[in-house]
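Chemist: Going down the list, the sequences are from chains G and X.
Here the numbering used here is used: the first residue of the first sequence is 1, the next is one more, and so on.
Here the numbering used here is used: the first residue of the second sequence is 111, the next is one more, and so on.
Here it is, the structure in full.
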Amino acid sequence: MSKLVTSYRALALVVGVLLVAGSISSILKYLLTEGSDLQELGDQLTWIWLVHGWIYMVYVVVAFFLSRRAGWSLQFLGVLLLAGLVPVMIFFVEHRVVARLKAEHPELVG
Amino acid sequence: MSELLRPRYWAAHLLALVLLGAAVWLGLWQYDAWSARRAAEARSLTEEDPKPLADVIGPDDPFPGNYVGQPVDVVGTWVPDGTVYVSGREHDGRDGYWVVTPLAVGDSADDPALLVVRGWTDDVETAPPAPTGEAELTGWLQPAEGTGEVDENPGDDVLPQLRIADAIQHVDQDLYGAYAVVTDVAATPAGEGLEQATLDQLPEVGRFTGLRNFFYAIEWWFFGAFVAFIWWRWVREERPDPAR
């Protein structure tokens, strides 16, 4: 499997997990009673968003190069990028990316 | 190029512009939040409860760097003959003077004195007379100034800046290596007839304050740059190849 594809899959996993964790922290922070233990935990975990943002920047660049390499449309690149922002979506998108690569560029997936 | 200005491309251009504008704006918003947090932290020390002067600085001590702007309670005796005026101080956009009288900290008027900025006046001639006797007041502690500006008339009571080496010519005792700005001029007897002097030096802000907002700002600008880049590539690819 090419380095690009491996990087994309690893980043997709990390971004996906951070996105879910960040969403949970925000739900705790904003939806629970102010001052309760879980609410404060959510407040303390907001740094997850910072980490997510920085790793997402790397994801954006890698997704861009991957989509160029595979010759995909800008629309599909848009789907790849959006997947890093909508919770859980990235796990399905990553699956679809691997499937498309296998069909269109077996040499990249090996 | 005119090919790309056709109506069927308008939506794509508009989308790029909106995304780019949003990223720049969100970055500026986070950058402002970062600055605001730092300014708030700088102010917060000045709003703490006052400490007794002796807990913060002694007469022979160097200025404690982490107490710039700390409110201190001072008890002592005025040294009216040591009164000086510091020129070039603005108040509500008007040029004027700080009115500074040393306060001997202790029971005797010969004890080491702390320079106290009693307030602001626009005219030295009409400034109220210096107070006498004992006093108790609260002021923000400030390190002495000193950028080497030359006092052009060393004979008079007007100084270009609040430097200990200049002020000490006007008193017979030792001076603290600091000065205090009366926090509430209107509520202090020695401030009668004077207006509030504003704080010149605010405490240094911790390096990490609001850093998260700063990093968010960088992220947003990165995405803005990425949008611009994708837009540019797309324009290049859509443009009909002249060689074809």
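Don't be surprised by glycine CBs; every beta carbon is placed ideally from N, CA and C.
The structure displayed is predicted, hence computed values, not measured ones.
Hey, quick one: how far does the alpha helix (DSSP H) through V348(X) stretch, first residue to last?
Modeler: Residue 348(X) sits at position 238 when you count from the first residue of the second sequence. The amino acid occupying residue 348(X) in the given sequence is Glu; Val does not appear at that position. From DSSP, the alpha helix (DSSP H) with E348(X) extends over 321–348.
Chemist: Could you tell me which of R343(X), V345(X), R349(X), F332(X) sits nearest to Q131(X), measuring between CA atoms?
Modeler: Reading the second sequence from its first residue, position 21 is the one you call residue 131(X). At residue 131(X) the sequence reads Gly, which differs from the Gln that was named. Among R343(X), V345(X), R349(X), F332(X), the Cα nearest to that of G131(X) is on F332(X).
Chemist: Using 10 angstroms around the beta-carbon of T231(X), count the other beta-carbons present and answer buried if the total reaches 16, otherwise exposed.
Modeler: Taking the second sequence and counting its residues from 1, one reaches residue 231(X) at position 121. T231(X) comes out buried.
Chemist: Just list the residues that DSSP pairs A214(X) with in beta bridges.
Modeler: Here residue 214(X) refers to the residue found at position 104 of the second sequence. Per DSSP, T187(X), A223(X).
Chemist: Quick one: give me the first and last residue of the beta strand (DSSP E) that A290(X) is part of.
Modeler: What you label residue 290(X) is simply residue 180 of the second sequence in a count that begins at 1. From DSSP, the beta strand (DSSP E) with A290(X) extends over 285–292.
Chemist: By the criterion of Cβ-Cβ separation under 9 Å, what are the contact partners of E329(X) in chain G?
Modeler: As a position in the second sequence, residue 329(X) is number 219, starting the count at 1. Those within 9 Å of E329(X) in chain G are L50, G53, W54, Y56, M57.
Chemist: Restricting to Cα atoms, I'd like to know which of F91(G), V58(G), L85(G), P87(G) is closest to F336(X).
Modeler: One-based indexing of the second sequence puts residue 336(X) at position 226. Among F91(G), V58(G), L85(G), P87(G), the Cα nearest to that of F336(X) belongs to V58(G).
Chemist: Please report the distance separating the alpha-carbon of P172(X) from that of T298(X).
Modeler: Residue numbering aside, residue 172(X) sits at position 62 when the second sequence is read from its first letter. Residue numbering aside, residue 298(X) sits at position 188 when the second sequence is read from its first letter. Straight-line Cα distance between these residues: approximately 28 Å.
Chemist: Report the rounded CA-to-CA distance for D191(X) versus L138(X), giving the unit in angstroms.
Modeler: Your numbering for residue 191(X) matches position 81 in the second sequence. Your numbering for residue 138(X) matches position 28 in the second sequence. Cα to Cα, the separation comes out at about 53 Å.
Chemist: Could you have a look at W370(X) and say whether DSSP puts it in helix, strand or coil?
Modeler: Residue 370(X) falls outside the range modelled here, since chain X spans only 111 to 354, and no answer is possible.
Chemist: Output needed in chain order: residues of the region 60–89 of chain G with a Cβ under 7 Å from some Cβ in chain X.
Modeler: V60, L74
Chemist: DSSP on S145(X), reduced to helix/strand/coil?
Modeler: Indexing the second sequence from 1 puts residue 145(X) at position 35. Of the three classes helix, strand and coil, the one that applies to S145(X) here is helix, per DSSP.
Chemist: DSSP three-state label for W54(G), please.
Modeler: In the first sequence, counting from the first residue as 1, residue 54(G) sits at position 54. Residue state, collapsed to three classes: helix.
Chemist: Cβ of I55(G) within 8 Å of Cβ of V93(G)?
Modeler: Translated into positions along the first sequence, residue 55(G) becomes position 55. Translated into positions along the first sequence, residue 93(G) becomes position 93. Not in contact: I55(G) and V93(G) (Cβ atoms no closer than 8 Å).
Chemist: Would the beta-carbon of L269(X) fall within 8 Å of that of V196(X)?
Modeler: Counting from 1 along the second sequence, the entry for residue 269(X) is found at position 159. Counting from 1 along the second sequence, the entry for residue 196(X) is found at position 86. For L269(X) and V196(X), yes; Cβs fall inside 8 Å.
Chemist: Would you list, in sequence order, the uninterrupted alpha helix (DSSP H) runs of no fewer than 4 residues that lie entirely inside the region 60–86 of chain G?
Modeler: 74–83
Chemist: Determine the direct distance from the alpha carbon of G168(X) to that of L224(X), and round the result to whole angstroms.
Modeler: Translated into positions along the second sequence, residue 224(X) becomes position 114. Translated into positions along the second sequence, residue 168(X) becomes position 58. When rounded, the distance between both Cα atoms is 10 Å.
Chemist: Give me the Cα-Cα distance between V227(X) and E329(X), rounded to the nearest whole angstrom.
Modeler: For the purposes of this step, residue 227(X) is identified with residue 117 of the second sequence, where counting begins at 1. For the purposes of this step, residue 329(X) is identified with residue 219 of the second sequence, where counting begins at 1. Rounded to the nearest angstrom, the two C-alpha atoms are 45 Å apart.
Chemist: Kindly indicate which residue of V128(X), P241(X), L124(X), W144(X) has the alpha-carbon position closest to the one of T193(X).
Modeler: Counting from one through the second sequence, the residue named residue 193(X) turns up at place 83. Selected option, being the one with the closest Cα: P241(X).
Chemist: Beta-carbon within less than 7 Å of Y326(X)'s beta-carbon, same chain only, minus the 5 sequence neighbours each way: which residues are those?
Modeler: Taking the second sequence and counting its residues from 1, one reaches residue 326(X) at position 216. So the qualifying residues of the chain are Q140.
Chemist: I need the DSSP call for S7(G), collapsed to helix, strand or coil.
Modeler: Here residue 7(G) corresponds to residue number 7 of the first sequence, with the count starting at 1. If DSSP states are grouped into helix, strand and coil, S7(G) belongs with the helices.
Chemist: Mapping DSSP to helix, strand and coil, what is V315(X)?
Modeler: Taking the first residue of the second sequence as position 1, residue 315(X) is located at position 205. Reduced to three states, the DSSP call for V315(X) is coil.
Chemist: Could one say the Cβ of W344(X) lies closer than 8 Å to chain G's Cβ atoms, at least one of them?
Modeler: Mapped onto the second sequence, residue 344(X) falls at position 234. Closer than 8 Å: yes.
Chemist: With H, G and I counted as helix, E and B as strand and the rest as coil, what does DSSP make of G205(X)?
Modeler: Working through the second sequence from its first residue, we reach residue 205(X) at position 95. One point to set straight first is that residue 205(X) is Asp, not Gly, in the sequence displayed. In the structure shown, D205(X) sits in a strand (DSSP, three-state: E or B).
Chemist: Using the DSSP secondary-structure output, state which residues sit across from L251(X) in a beta bridge.
Modeler: For the purposes of this step, residue 251(X) is identified with residue 141 of the second sequence, where counting begins at 1. Partner(s): A290(X).
Chemist: Using beta-carbon positions only, say whether S23(G) and P106(G) come within less than 8 Å of one another.
Modeler: If you number the first sequence from 1, residue 23(G) lands on position 23. If you number the first sequence from 1, residue 106(G) lands on position 106. Not closer than 8 Å, so no.
Chemist: Is it buried or exposed for D165(X), if we count other Cβ within 10 angstroms and need 16 for buried?
Modeler: Here residue 165(X) refers to the residue found at position 55 of the second sequence. Its Cβ having fewer than 16 others within 10 Å, D165(X) is exposed.
Chemist: Could you check the C-alpha separation between L18(G) and G42(G) for me, to the nearest Å?
Modeler: For the purposes of this step, residue 18(G) is identified with residue 18 of the first sequence, where counting begins at 1. For the purposes of this step, residue 42(G) is identified with residue 42 of the first sequence, where counting begins at 1. Cα to Cα, the separation comes out at about 14 Å.
Chemist: Measuring CB atoms only, is the region 299–313 of chain X touching the region 34–53 of chain G, in the sense that at least three cross pairs come out at less than 8 Å?
Modeler: no
Chemist: Grouping DSSP H, G and I as helix and E and B as strand, with all else coil, what is S2(G)?
Modeler: Numbered from 1 along the first sequence, position 2 holds the residue referred to as residue 2(G). For S2(G), the three-state secondary structure derived from DSSP is coil.
Chemist: Counting only Cβ pairs nearer than 7 Å, list the residues of chain G close to R317(X).
Modeler: Indexing the second sequence from 1 puts residue 317(X) at position 207. Those within 7 Å of R317(X) in chain G number zero; the least Cβ separation is about 17 Å.
Chemist: Spell out the partners DSSP gives L269(X) in its beta bridges.
Modeler: On the second sequence, position 159 is the one that residue 269(X) refers to. Beta-bridge pairing links L269(X) to V196(X).
Chemist: Determine the DSSP secondary structure at P299(X), reduced to helix, strand or coil.
Modeler: As a position in the second sequence, residue 299(X) is number 189, starting the count at 1. DSSP places P299(X) in helix when its eight states are reduced to three.
Chemist: Does the distance from the CB of V315(X) to the CB of E151(X) come in under 8 Å?
Modeler: Position 205 of the second sequence holds residue 315(X). Position 41 of the second sequence holds residue 151(X). Going by beta carbons, V315(X) and E151(X) fall inside the 8 Å limit.
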